[in-house]
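Here the first sequence stands for residues 0 to 116, numbered as in numbering that gives the first Met the number 0.
We put the CB at the ideal spot given by N, CA and C, even for glycine.
Here's the structure, in structure tokens; my notes come after.
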Amino acid sequence: MGAGDNERIWAVVCRIPPGSVATYGQVAREAGLGRGARQVGRALGALGGREDVPWHRVINARGRISLPENSPGFLRQRERLEAEGVEFVAGRVSLARFGWRPSLDELLWGPPPGEDG
DNA sequence: GTCTTGACTAAGC
DNA sequence: GGCTTAGCCAAGA
Numbered sequence: 000m001g002a003g004d005n006e007r008i009w010a011v012v013c014r015i016p017p018g019s020v021a022t023y024g025q026v027a028r029e030a031g032l033g034r035g036a037r038q039v040g041r042a043l044g045a046l047g048g049r050e051d052v053p054w055h056r057v058i059n060a061r062g063r064i065s066l067p068e069n070s071p072g073f074l075r076q077r078e079r080l081e082a083e084g085v086e087f088v089a090g091r092v093s094l095a096r097f098g099w100r101p102s103l104d105e106l107l108w109g110p111p112p113g114e115d116g
């Protein structure tokens with residue numbers, strides 16, 4: 000393991016389409032970490048607030064933002080999500096409506112062309 | 001090397 | 001929907 004895992008996590012987060020959200024566990028599984036849900040959160044924190052990665056599309060399995068309400072990241076994440084069309088109900092997001100569908104995404108956007116091109 | 005903490009998750013009440 | 005317990009992995013002191 001190493002810093003390379005973080006880049007792998009960010010790569011998965013970048014795969015999350017706008018208007019959708021993914022859970023830490025889902026990102027961890029996509030990144031090949033499996034139970035590394037915690038590592039995902041750590042990787043997002045390692046960003047330091049960069050806009051290079053859409054970290055705001057990552058929430059916990061309860062559909063809630065793990066960040067504290069008084070944290071600037073909380074407001075930023077929620078605001079960015081709403082800007083993409085994600086609706087917040089009682090401070091929660093309906094994963095059934097805005098939950099990321101990697102498989103479904105291929106059906107809607109088509110099959111991935113591959114890393115080579 | 002061990003103990004504690006943390007942007008987590010699942011199950012039970 | 002909210003709280004508690006158990007499991008998991010990684011970083012920091």
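{"Query": "Please work out which residues of its chain come closer than 6 angstroms, Cβ to Cβ, to G40, disregarding the five sequence neighbours upstream and downstream, and give them in chain order.", "Result": "Y23"}
{"Query": "On the CB-based measure, 16 or more other CB atoms within 10 Å of its CB, does R77 come out buried or exposed?", "Result": "buried"}
{"Query": "Are the beta-carbon atoms belonging to V85 and V20 less than 8 angstroms from one another?", "Result": "yes"}
{"Query": "Give me, in chain order, the residues of the same chain whose beta-carbon lies closer than 8 angstroms to that of S93; leave out the 5 immediate sequence neighbours on both sides.", "Result": "G62 and E86"}
{"Query": "Only counting runs of 4 or more residues, tell me where the alpha helix (DSSP H) segments fall wholly within the segment 23-54, in order along the chain.", "Result": "23-30 and 36-46"}
{"Query": "When we look at the beta-carbon of G48 and count the other beta-carbons within 10 Å, is it buried (16 or more) or exposed?", "Result": "exposed"}
{"Query": "Might you give, ordered along the chain, the residues of its own chain that have their beta carbon closer than 6 angstroms to the beta carbon of W99, omitting 5 neighbours on each side?", "Result": "I15, S19 and A21"}
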